[in-house]
Amino acid sequence: MKQKKFIWEINLKLVDIFVLRQIRGLFLYGLVTFTFLVLFSASFKTAVKMIVDMETPISQVSEFLALGIPQSVVVAIPMTILLASILTFSQLSSSGELRAALVSGSSLRRIASSVIVIGFFSFLLSVSLNEFVIPSSVEKMEKLAVEIYREGRAQENDVNFESYYPSGNMKWNLIAQNLDNNVLNNLHLFRYEDQENQLMFSEYFLAEKGLYISNDGSWELLNVVTLSNLGSGRFANLKQDKVRVFFEESPTNIKKLRTKDVQEMNYLNAKNYVSEVRKRGESMKADKLATQTELKIAVPFASIIFSLLGVAMGSSFERKSVGPGMGIGMSMLVIFFYYVVMLVGIALSKIGLSAIVAAWFPNFLFLIVSSFILLKRENPILFSK
Numbered sequence: 057m058k059q060k061k062f063i064w065e066i067n068l069k070l071v072d073i074f075v076l077r078q079i080r081g082l083f084l085y086g087l088v089t090f091t092f093l094v095l096f097s098a099s100f101k102t103a104v105k106m107i108v109d110m111e112t113p114i115s116q117v118s119e120f121l122a123l124g125i126p127q128s129v130v131v132a133i134p135m136t137i138l139l140a141s142i143l144t145f146s147q148l149s150s151s152g153e154l155r156a157a158l159v160s161g162s163s164l165r166r167i168a169s170s171v172i173v174i175g176f177f178s179f180l181l182s183v184s185l186n187e188f189v190i191p192s193s194v195e196k197m198e199k200l201a202v203e204i205y206r207e208g209r210a211q212e213n214d215v216n217f218e219s220y221y222p223s224g225n226m227k228w229n230l231i232a233q234n235l236d237n238n239v240l241n242n243l244h245l246f247r248y249e250d251q252e253n254q255l256m257f258s259e260y261f262l263a264e265k266g267l268y269i270s271n272d273g274s275w276e277l278l279n280v281v282t283l284s285n286l287g288s289g290r291f292a293n294l295k296q297d298k299v300r301v302f303f304e305e306s307p308t309n310i311k312k313l314r315t316k317d318v319q320e321m322n323y324l325n326a327k328n329y330v331s332e333v334r335k336r337g338e339s340m341k342a343d344k345l346a347t348q349t350e351l352k353i354a355v356p357f358a359s360i361i362f363s364l365l366g367v368a369m370g371s372s373f374e375r376k377s378v379g380p381g382m383g384i385g386m387s388m389l390v391i392f393f394y395y396v397v398m399l400v401g402i403a404l405s406k407i408g409l410s411a412i413v414a415a416w417f418p419n420f421l422f423l424i425v426s427s428f429i430l431l432k433r434e435n436p437i438l439f440s441k
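Counting with our numbering, you get residues 57 to 441 for the letters of the sequence shown.
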C-alpha cells in the first residue's frame, strides 16, 4: 500500500514538472503573440497617422508604441494563461498521461493546482503593472501624443479636456484646448444656476482665448460671443472684444480637476478620484469611473479563472492535441465572450447595478462555467445518461 502511494506521488510530481515546463514555454510564446496583437489593434492606426500625416520621426513613434506595451501586456495575460493551459492539458490528455494520473488516484483539481498557481502569479503581475507602471506610462504617452500632434500641426481637438466646477449656487462646465501659460484656446464656458434645487442654464461664453488674471482670480475672454438665458424661453446674443468672467478656478486647479482616465491612477487614487467626482454632483460620471476602477482588479483576476477554464477545456481533447493555431482561436473566442459579458455588466452599472458587481460579474459567470466543465471531466459518470 505504501509502495503504491509512493509511486502515485512520484507520478504526480512528474505530471507537475511536465505541466510547469510546458506552461513556461507556451506562456512566453502566448504573451509575446497576444501583446503584439493587442498593441497592433490599439495603436497601429494612430502610429500610421503620425508617420504619414504628420511626418513624425520613427524614434518618437517607437517611443509612443513602447509606452503602450504595459497596457497591452495586462490585456494579453489572461489570454496567454488560457492558451497555455489549453495547449498543455490537451497534450496531456491526448497522450494518455492525464488518464493514467487520474486512474492512479489523483484528481484533475490537484493536477490543475500548478496552473492555478501560475494564474495567481499572473494576476499579481497584472495588478503590479496597473498600480506601479501603467499610470506613469499612460501620462507619458498622452504628453508625447500632444507633443507630436502640435509639431505635426494636427487639429488640436484631440487634446481637449472637460470638467465641472461647483461654485456656491452656480456650476461651471468648461471645454477648452491647450492650457499653456495661463491661456485657454477655443474656450467654451457654460454657467448654470441653482433655481429651486434645480440647475438651470444661465450663460454660455464662446471665446477665441481666455487669459487668467491672477491678481483677482478672474478670466478675461477675448473675441467672445455670449448667449444669455433671459427666462421664459428668451435668449440674448452679444458679441464683444473682451469680457471679464469671475470663473474661480485657476489654471492649476483646472489641470488638477480636469476629467481624468482611471488608467492614469493606481487603484486607491482612482477610488479617491471617484469620490471627488461624486461630491461634485456628477453621479453618472462617478458611476462610470467607479466601474472602470473596479475593472483594474477584476480583469487581472481573470487570469486565475482562465487558468481553471483552460485546464477544463484542454483536458477534453483525448484523441488529438490542440495545435497553437487552434489554441489561439479558442482563446480569442473565449476572451471575446468574456468582454461581451463585461460590456453587459458595464451597461447594467449605468442603470443602478453596483460597480463591484458589474466589474466582477464576468469572473463569477466564467468561474461557474469552468467549475462545471472541470467537474464533468473529472466525474463523467455523474453526467452520463
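Ideal placement from N, C-alpha and C gives every residue a C-beta, glycine not left out.
Check: Excluding five sequence neighbours on each side, which residues of the same chain lie with their C-beta closer than 6 Å to the C-beta of VAL299?
Finding: Cβ contact annotation for VAL299 (same chain, cutoff 6 Å, sequence separation greater than five): LEU277, VAL280, in chain order.
Check: Name the DSSP bridge partner or partners of ILE167?
Finding: Beta-bridge pairing links ILE167 to no other residue.
Item checked: Local conformation of ASP297 per DSSP, three classes -> Strand, per DSSP.
Next item on the list: Starting from the N-terminal side, write out each stretch of the alpha helix (DSSP H) that is 4 residues or longer and does not extend beyond the segment 336-387.
Entry: Scanning the segment 336-387 from its first residue to its last, the whole alpha helix (DSSP H) runs of 4-plus residues come out as 339-370.
Next item on the list: Compare the beta carbon distance of LEU430 and LEU364 with 8 Å and say whether it is the shorter of the two.
Entry: For LEU430 and LEU364, yes; Cβs fall inside 8 Å.
Checklist line | Nearest to MET256 (by Cα), restricted to the options LEU243, ILE107, VAL239, ASN229 | finding: The option with the nearest alpha carbon to MET256 is ASN229.
Note to self: Less than 6 Å between C-beta atoms, sequence neighbours within five positions excluded: which residues of the same chain meet that for ALA168?
What the structure shows: Counting only Cβ-Cβ distances below 6 Å, and skipping sequence neighbours, we find VAL367.
Item checked: Burial state of TRP122, where buried means 16 or more other Cβ atoms lie within 10 Å -> The displayed chain sequence assigns Ala, not Trp, to residue 122. Around the beta carbon of ALA122, fewer than 16 other beta carbons sit within 10 angstroms, so the residue counts as exposed.
Margin query: For THR91, count the other beta carbons within 10 Å of its own beta carbon; 16 or more makes it buried, fewer makes it exposed. Which is it?
Written below: So THR91 counts as buried.
Note to self: Need the endpoints of the beta strand (DSSP E) that LEU409 sits in, please.
What the structure shows: DSSP places LEU409 in no beta strand (DSSP E); its state is neither H nor E.
Check: Would you call the segment 101-120 and the segment 395-406 in contact, with 3 or more CB pairs under 8 Å?
Finding: These segments do not touch.
Next item on the list: Rounded to whole angstroms, what's the CA-CA distance from SER270 to SER306? Just pull it up for me.
Entry: Distance between the alpha carbons of SER270 and SER306 is about 8 Å.
Check: Should VAL449 go down as buried or exposed, given a rule of 16 or more other Cβ atoms within 10 Å for buried?
Finding: Any question about residue 449 goes unanswered here, given that the chain covers just 57 to 441.
Checklist line | Alpha-carbon spacing of PHE96 relative to SER288, whole angstroms | finding: Between the alpha carbons of PHE96 and SER288 lies a distance of about 54 Å.
Note to self: If I follow the unbroken alpha helix (DSSP H) through VAL130, where does it start and stop?
What the structure shows: Note, VAL130: alpha helix (DSSP H), 125-150.
Item checked: Reference ILE231; option with closest CA among PHE74, SER372, ILE310, ASN238 -> It is ILE310.
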